[in-house]
Structure formats: C-alpha cells, structure tokens
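Here is the structure we will look at, set down as structure tokens.
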Amino acid sequence: MALVVQKYGGTSVGTVERIQAVAQRVKRTVDAGNSVVVVVSAMGKTTDGLVKLANDISSNPSRREMDMLLSTGEQVSIALLSMALHEINQPAVSMTGAQVGIVTEAEHTRARILRIETDRLKAHLDQGSVVVVAGFQGISSSNALEITTLGRGGSDTSAVALAAALKADYCEIYTDVPGILTTDPRIVPEAQLMSEITSDEMLELASLGAKVLHPRAVEIARNFGVPLVVRSSWTDDPGTWVISHMPAPRSLEGLELTRAVDAVEFDTDQAKVSLLRVPDRPGVAARLFGEIASQDLNVDLIIQSIHEGNTNDIAFTVTKDSLNQAEAVSNAIIPALCGGVATSDAEVMVDSQIAKVSIAGAGMIGRPGVAAKMFSTLAAAGVNIQMISTSEVKVSCAIDAVDCDRAIAALCDAFEVNSSPVDQEAEVRALRAESKGQKLENLSRDVSSGVPLASSSLPPVRGIALDLKQARLAIRHVPDQPGMAAKIFQLLADHNVSVDMIIQSQRCRVVNGATTRDIAFTVAQMDAEAARQVLEQASPELGCGEIVVNAAIAKVSIVGAGMVTQPGVAAKMFAALAQHQINIQMIATSEIKISCLVAEDDGARAVQIIHAAFDLAGDRKIQVPA
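The opening position of the sequence shown corresponds to residue 302 in the numbering used here, with each subsequent residue numbered one higher.
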C-alpha cells in the first residue's frame with residue numbers, strides 16, 4: 302500500500318460537477334489500496350473575488366486581515382469535497398492548515414513552513430479516512446496562533462511539504478493541462494508534453510514564468526527527495542515526472558528555512574572575450590554566436606549589458622584552450638557586425654586569467670540577500686567582480702584567477718558549505734543514471750505506471766518561459782571597485798526587494814577621474830518603484846549616476862540541461878529572434894538557461910518563434926479549460 306498526496310487546483314474544483322469528478326478519482330486511488338491525503342485550492346476564481354472585495358473596502362488592506370479573508374476560499378473547497386466523498390461512501394475529513402499541523406513563521410501573506418505536526422493527520426489515515434487539506438495556509442508558531450497564508454502557489458507548496466513530512470510514496474499535482482509542457486499552451490497550442498524533467502530544469506522554468514508548478518514546491522521536492530508528478534485532472538494520462546537526486550537526509554524542522562546555498566563551485570579553466578561598442582540592433586548576437594558555433598566552440602557564460610546610445614557590449618567565456626580561436630572569430634566578425642565598415646570604436650578584449658566561482662542551492666529562490674551576501678563576502682576578501690550571471694539555483698561571478706582560492710575559502714566560510722569543481726556534464730549524467738534506478742512499488746495502473754526511465758540523451762532545450770511581470774533598472778556609472786555590487790544589492794535586500802537577472806557591464810568609463818561600470822538588473826514590476834526610490838536616495842553615498850527604469854520588457858528564457866554539452870544553442874535562439882527583427886536588450890545565461898530581455902510587445906511572439914526554431918511542437922493542440 303502506498304501513501305499518496307494529491308493536489309487539485311482551482312479549476313479542478315471550480316464547479317460541483319468537477320468536485321464530484323475529483324471525488325471519484327480520489328476514491329479510485331483509495332480502492333487501489335492507497336492511503337490518500339488531498340490538498341485543494343479555492344474554487345475557480347474565488348481568491349480573485351475575495352481580493353476584489355478587500356480592495357473595494359480598502360486601498361491598503363491589512364495583511365493580517367487579508368490572510369483571514371483569503372484562507373476561507375480553501376475551506377469551502379475542502380468541505381464540499383469531503384461531502385462529495387461521503388456521498389460515494391468514502392470516509393473523509395476536512396482539515397484547515399492549522400488543524401493539519403502546518404506551522405509557519407509569523408509572516409502574513411508570504412509565510413514559510415517551519416514544520417508539520419502530523420500526528421492528527423496520521424490518526425485519520427490509520428482509520429481509513431481520506432484527509433482533505435486546505436492548501437495555501439497554516440498557523441504561526443507564535444503564541445498568537447495567527448492564520449497565515451503561503452503566498453502565490455501556496456497549495457502546491459502545502460502538498461509537497463505534506464508529502465515530505467509524511468514520507469509519502471509520491472505526490473501528484475493535478476492541473477488543467479496534461480503535465481509539464483514545452484511552453485504555455487495559451488501561447489503555443491502545439492506545446493509538447495514532457496514525460497520527465499529534472500528538478501533544476503523545473504526550478505528554472507517555474508521561476509522564469511511557467512505557471513504549472515510553484516518554485517517553492519519544486520524546491521521542497523528537490524531538497525527532500527519527494528517523487529513528484531504533474532497530471533491532468535481530466536484524463537488518466539501519465540503526466541510529467543520531476544526527477545531529482547536522492548538527497549542526503551535532512552531535518553524536517555525548519556522545513557522551508559533550509560540552507561539557501563548547498564555548495565560553492567569553481568572553474569579555473571575559463572577565459573573571457575568581450576566585444577565592446579557593437580551596434581545595438583537585431584542580428585548582432587545571432588551572427589557572433591553563429592560564427593562561434595560554426596567553429597564548434599562551447600560557450601559558458603554570455604552577458605549582454607545595456608548602455609546609453611546605440612551600442613552594446615557582449616561578453617562570453619570559453620575554456621582556455623578555445624580562447625585563441627574565439628578571439629580570432631570575434632576579431633574577424635567585428636567589421637561585419639558594424640555594417641562592413643572598420644571602426645575604431647568597436648573592439649575585442651580578452652582575458653585568460655579569470656576564474657568562475659558560483660554559489661548553488663535551491664534554497665535561494667525568492668530570498669532577498671543571498672546574492673548580496675556573496676558579493677559582500679567577495680568584497681571583504683578584496684576580490685573584484687568582473688562578470689555576474691544569475692539563475693534560480695546559482696549565482697556565478699567571473700573574477701581574477703589569482704583571487705580564486707581566496708574567494709572560494711571566503712564563500713565556503715560565509716555559507717558554511719564545501720567547495721567542488723564544476724562538472725555540469727557529469728552532474729547531468731549522474732542524475733539521469735539515478736533516475737533510471739528509481740522505482741515506485743504498489744502503484745495501480747490508473748494512478749501511475751511509475752517514474753519513467755530517463756532517455757540517454759536529452760534535447761538541448763526542454764522548455765521555454767515568458768515573464769511579462771518584470772522591470773529593468775539600470776544604474777549608470779557605478780564605481781568599479783570591490784564592494785559596490787554588495788552595497789547595492791544588500792540595500793535592496795534590506796528593503797525586501799528580490800532581484801532576478803543581474804548584469805554588470807564590461808565597458809569601463811572614467812567619470813570625474815574614477816573608473817565606472819553600469820549595472821542592470823530586473824525585479825518584479827510591483828517592486829520597481831520601491832527599488833528606484835531606495836537607489837536614488839542612496840545614490841550620493843554610492844557615488845553612482847542616474848537610475849533608469851523600464852517596465853515595458855519581456856523576459857524570454859530557454860531551459861535545458863542538455864545545452865551544456867551542445868554548442869550552438871544560444872546562436873540558434875538569437876538567430877530565430879533576429880530573423881523576425883526582434884532586438885535583444887539584455888542577455889544572461891547559466892549552465893542550463895539562456896534569458897533574453899526583449900520589448901514587451903515582442904514577448905509572446907518571441908516564445909512562438911523560439912519554440913518553432915527548436916522544433917518543440919507536439920502532434921496535437923492542447924486545450925486549456927476555461
């Protein structure tokens with residue numbers, strides 16, 4: 302007999318008929334010999350309606366009262382589903398987050414789970430009842446016993462956290478699509494269903510705008526080794542499995558307050574090539590990296606920063622033995638990039654004496670201050686940062702090679718972790734080999750056929766995400782000295798502003814006798830104005846120039862663990878955009894992700910173009926229920 306946690310989203314329980322259908326599915330799972338915990342969201346658009354009511358009453362409603370209000374939506378769902386189960390002779394009991402023992406920090410509207418006290422829940426399971434749990438909510442650990450909510454996507458988080466606490470055999474997330482698709486089917490109806498995806502890939506996609514799973518839920522699954530599958534509420538299709546390494550045992554106390562950083566990684570076999578003052582127009586990045594790919598050169602970090610005027614800088618890293626070839630290609634293509642006219646403005650700079658140091662860990666998602674802590678640690682060690690690249694599970698910095706050992710030691714001490722050399726390819730191989738050995742016993746055919754075996758080779762791109770809710774801030778003329786990035790991002794962290802992409806320009810400019818660089822980054826649109834005000838107030842102390850905000854942007858990202866071993870992936874993405882005259886404003890990469898900022902109006906079209914370029918379409922159109 303297996304212990305199964307199932308979660309049903311708002312559309313799955315949006316009507317009486319749908320609630321009855323869910324009850325039938327739950328009963329089939331029980332009849333197959335399983336114990337079942339069900340987590341449900343509020344019905345349909347209930348939460349949106351409650352938010353509107355609150356806003357009709359107050360322009361700035363109390364966060365405590367919002368938690369009190371919004372927690373009622375899930376209580377309606379659990380009561381109705383329990384009634385529906387009783388009607389088909391399935392014993393069931395509904396329980397709020399507090400009743401089921403979900404204890405959180407005392408932070409309204411965005412609380413994190415500290416622990417789950419499972420005794421009461423287990424007692425009901427032992428009696429043969431299905432336990433129907435209100436997702437999205439818990440109760441604070443303070444004496445006040447306040448009702449708290451977990452923030453957007455909280456029901457996913459509730460379900461996976463319960464699965465971790467109960468050591469469930471697996472957790473099913475039921476939604477309105479057949480599983481995890483290559484992109485949003487509302488943008489590309491022919492989006493293809495994936496049978497499996499790694500947890501790192503899913504973390505990236507979820508945090509980059511994919512809506513099918515919340516990043517916090519994936520983080521918990523990754524950290525505690527919860528077998529996780531996303532399936533359709535409307536069919537018995539097998540869905541998509543999210544596969545992870547089997548983690549080292551860890552305490553369930555402080556469940557969502559686990560260590561933000563798991564490791565410090567380093568790579569000393571890196572060299573940097575910078576193209577300065579190249580034209581800012583469609584096709585430049587495509588042509589450059591197309592030529593690089595034609596030479597079978599594998600590129601690691603790619604950064605395109607933002608500048609005044611009509612030029613940009615593009616920097617990338619390669620292995621040291623590829624530097625001469627990459628430099629030759631870059632020098633040869635400069636005239637073509639500049640319209641066929643030799644120019645004294647554009648130039649190529651190389652640096653063979655760099656190293657890449659990174660902090661890695663799923664726990665850094667949504668936690669302001671992790672990147673700032675890395676930057677301040679490097680500054681305190683006297684290490685200047687040359688390049689910055691961020692992802693959802695990693696922050697990487699290019700530094701002088703002579704500083705590498707000192708940087709590693711300082712970061713390991715600051716984050717209390719060990720260091721290891723980067724070998725992304727070996728990591729991917731290990732994960733896929735591990736997934737082949739995973740077995741889930743005692744699962745009935747109508748529930749699941751088990752974790753699918755991983756294929757021996759992956760396509761370079763697994764999924765494409767679009768985020769239309771970001772704004773870009775550019776800080777001009779930041780003094781080029783150790784500690785400046787630390788000051789800037791610690792300041793934002795102190796004001797609870799989470800930063801996504803971070804780009805530090807390669808071009809230096811002398812202002813009032815001091816060498817400066819520009820720093821650009823993205824934040825959620827709702828945080829943009831607050832970030833601007835904070836930085837403008839601190840500008841005299843920081844010694845930087847103006848702060849420029851642009852909210853009319855879209856972030857388009859491709860994700861895939863397979864791209865680490867396949868040259869030309871970036872070139873293909875850039876070429877597809879260039880062919881349709883979509884200009885790239887910024888570029889940032891990690892080992893498994895490439896993100897581009899484009900104009901907001903080009904966002905959806907860019908997704909469609911890139912999806913077609915990588916031939917990700919399936920053989921049928923996905924219909925998303927209303």
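Quick reminder that beta carbons are idealized off the backbone N, C-alpha and C, glycines included.
Item                                                                                                                                                                                                 : Value
For methionine 369, which three-state DSSP category applies?                                                                                                                                         : helix
If you reduce the DSSP assignment to three classes, tell me which class valine 762 lands in.                                                                                                         : coil
Can you give me the start and stop residues for the beta strand (DSSP E) that glycine 439 sits inside?                                                                                               : 438-441
Between the C-alpha atoms of proline 761 and valine 865, what's the straight-line distance to the nearest angstrom?                                                                                  : 8 angstroms
Of all Cβ atoms in chain D, is any one closer than 8 angstroms to the Cβ of aspartate 470?                                                                                                           : The structure shown has no chain D; it contains just one protein chain.
For the alpha helix (DSSP H) that isoleucine 660 lies in, which residues bound it at each end?                                                                                                       : Run containing isoleucine 660: none in the alpha helix (DSSP H); it sits in the beta strand (DSSP E), 648-661.
Just to confirm my understanding: we take alanine 876, look at its own chain, exclude 5 residues before and 5 after, and list those with CB closer than 7 angstroms. What are they?                  : Ala587, Gly591
Is DSSP giving histidine 778 helix, strand or coil here?                                                                                                                                             : strand
Who are the near neighbours of alanine 681 in its chain, counting only those whose CB is closer than 6 angstroms to its CB and skipping five residues on each side?                                  : none
Looking at the secondary structure, which residues open and close the beta strand (DSSP E) in which proline 580 lies?                                                                                : 564-580
Based on Cα-Cα distance, which residue from Tyr309, Ile893, Ile379, Asn613 lies nearest to valine 530?                                                                                               : Tyr309
Taking alanine 661 as the reference, which of Ile358, Ser697, Ile686, Ser395 has the closest Cα?                                                                                                     : Ser697
Can you tell me the Cα-Cα spacing of proline 868 and threonine 499, whole angstroms?                                                                                                                 : 21 angstroms
Could you tell me which uninterrupted beta strand (DSSP E) segments, each at least 3 residues in length, are contained entirely in the stretch 890-915, listed from first to last along the chain?   : 894-900
State the start and end residues of the unbroken beta strand (DSSP E) segment that holds valine 431.                                                                                                 : 431-435
Look at valine 338 and valine 314 and say whether their C-beta atoms are less than 8 angstroms apart.                                                                                                : no
Which first and last residues belong to the alpha helix (DSSP H) in which lysine 353 is found?                                                                                                       : 347-358
Opposite serine 336 in the DSSP bridges: which residues?                                                                                                                                             : Leu304
Relative to the C-alpha of glutamine 782, which residue among Asn685, Asp501, Asn797, Asp768 is closest?                                                                                             : Asn685
Is it buried or exposed, serine 360, if we count other Cβ atoms within 10 angstroms and call 16 or more buried?                                                                                      : exposed
Would you mind reading off the limits of the alpha helix (DSSP H) that contains aspartate 704?                                                                                                       : Run containing aspartate 704: none; DSSP gives neither H nor E here.
To the nearest angstrom, how far is it from the Cα of valine 401 to the Cα of arginine 668?                                                                                                          : 27 angstroms
Please work out which residues of its chain come closer than 6 angstroms, Cβ to Cβ, to alanine 672, disregarding the five sequence neighbours upstream and downstream, and give them in chain order. : Val696, Phe790
Do alanine 465 and valine 431 have their beta-carbon atoms positioned less than 8 angstroms apart in this structure?                                                                                 : no
In chain order, which beta strand (DSSP E) runs of at least 3 residues are fully inside the stretch 835-860?                                                                                         : 848-851, 854-860
Alpha carbon to alpha carbon, how far is serine 496 from threonine 483?                                                                                                                              : 11 angstroms
Apply the 10 Å Cβ neighbour rule to threonine 316 and answer buried if 16 or more other Cβ atoms are within range, or exposed otherwise.                                                             : exposed
Please list, in chain order, all residues of the same chain as serine 383 whose beta carbon is under 6 angstroms from its beta carbon, the five residues on each side excluded.                      : Ala393, Ser395, Val433
Note down the Cα distance separating leucine 467 from proline 528, rounded to an integer number of angstroms.                                                                                        : 13 angstroms
Is it buried or exposed, lysine 353, if we count other Cβ atoms within 10 angstroms and call 16 or more buried?                                                                                      : exposed
Can you tell me whether cysteine 705 is buried or exposed, with buried defined as 16 or more other CB within 10 angstroms of its CB?                                                                 : buried
Cβ atoms of leucine 504 and alanine 663: under 8 angstroms apart, would you say?                                                                                                                     : yes
According to DSSP, simplified to helix, strand and coil, what is lysine 328?                                                                                                                         : helix
Asparagine 390: which of Asp332, Ala656, Ile414 sits nearest, CA to CA?                                                                                                                              : Asp332
For serine 595, name the three-state secondary structure that DSSP assigns.                                                                                                                          : helix
Whose C-alpha, out of Ala907, Gly640, Met675, is nearest the C-alpha of glutamate 566?                                                                                                               : Met675
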